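The sequence shown begins at 1 in UniProt numbering and counts up one residue at a time.
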Amino acid sequence: MKGKAGAKKQRLSGVAKLRSAISKLVQTVEKRSSSSEVGCTIKEVMDDLHAIPDITKNSELYFFAVTMFEQKVKRELWKHLETTEAKLGWLKYQKQQQDARNPKN
1 MKGKAGAKKQ RLSGVAKLRS AISKLVQTVE KRSSSSEVGC TIKEVMDDLH
51 AIPDITKNSE LYFFAVTMFE QKVKRELWKH LETTEAKLGW LKYQKQQQDA
101 RNPKN
């Protein structure tokens, strides 16, 4: 009898270990998911863009920024630039780089 009880106890401890491991895995995935989605929504970057007086709506630079913000990596970089001047300078630099790659005829 003692043999069966010992085997049952081992199975239960195996189940408990598996449950604990799954719980830790879920917590890790949740932590990674929430930390990678910080402040990069289109609405947030568009609000930033609208707050810059030097960029007028319907201008070429404005529409360039709107198109650029379709890319998540560009939105993330934008959000990490600390000043309005840095954002404006970076945006103009990106536009110049694109214009140099695609010269107008």
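Note that CB positions come from ideal geometry on N, CA and C, so glycine has one too.
All of these numbers come straight from a predicted model, not from anything done at the bench.
Consult DSSP for residue i and reduce its assignment to one of helix, strand or coil.
| i | result |
| --- | --- |
| Lys92 | helix |
Less than 8 Å between the CB atoms is what I'm expecting for residue i and residue j, so what's the real figure, rounded?
| i | j | result |
| --- | --- | --- |
| Lys87 | Cys40 | Going by Cβ atoms, the distance from Lys87 to Cys40 rounds to 14 Å, so no, they are not a contact pair. |
| Ile42 | Phe69 | 6 Å |
* To do: For the stretch 45-63 and the stretch 85-94, state whether three or more C-beta atom pairs, one from each stretch, are separated by less than 8 Å.
  => At 8 Å Cβ cutoff, the stretches touch.
* Asked: Quick one: complete beta strand (DSSP E) runs, 3+ long, within the stretch 7-90?
  -> The qualifying runs do not exist here; there are none.
* Cβ pair count under 8 Å reaching 3, the stretch 43-59 against the stretch 12-28 -> Too few Cβ pairs lie closer than 8 Å, so no.
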